[in-house]
Amino acid sequence: MEFSIRKATKEDYESVSFLFRQVHELHVSERPDLYKENSTPVTQETFNSQLADEKQHIFVATIEKEIVGVIVMEEVNIAENPFVNERKILLINSICTATAHQKKGIGKRMMKYAFDFGKNLNADSIELNVLENNQNAIEFYQSIGMTTKSRKMEFRFN
């Protein structure tokens, strides 16, 4: 199966909104206390503003003309202060492969693309957040060499 990765355009919104919805529905099912049901988690206006922002980067994976994956990244500069060193991070805000196309190497290839993109930006690291109970995602990220940097903990009252 041949697929390619390219920069997203405004015309891709309808196809990628389906993928954003797929990710959001997973989050809602795992943590309904945090995430609200929403059929449009990313509006066209938000998507367009992300495309226009020079610090944000959206790429899509395609098979022929069908969009089967999306990755949304953001350059984050951490200023040096008395506690931390200055760093440049490429933050992955979202990555999704369409359910029908999972386990075919698309996610791995999008992440390799992100790693190469981050190196070209001279980023110090690539980071992302993953829900603790999303074991499939954790295993995927570990399989491509990512490690746990920190853990956010909570005590829920309800």
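The numbering of the sequence shown is the UniProt record's numbering, which starts it at 1 and goes up by one.
Cβ atoms here follow ideal geometry from the backbone N, Cα and C, with glycine treated the same way.
The continuous alpha helix (DSSP H) containing Asn48 extends over residues Gln44 to Ala52. According to DSSP, Gly69 shares a beta bridge with Ala61 and Thr97. Here the stretch 101-111 makes no contact with the stretch 49-56; the two share fewer than three CB pairs at distances below 8 Å. Fully contained in the stretch 84-135 are the following alpha helix (DSSP H) runs of length 4 or more, in chain order: 106-120.
If you ignore the 5 residues before and after Ile144, its C-beta comes within less than 7 Å of the C-beta of Lys108 and Met111, all in its own chain and listed in chain order. Relative to the Cα of Leu51, the nearest Cα in the group Asp33, Val70 and Asn38 belongs to Val70. Taking C-beta atoms under 8 Å as the contact rule, Ser15 and Ile67 qualify, at a distance of about 4 Å. With a threshold of 16 other beta carbon atoms within 10 Å, Val60 meets it and is buried.
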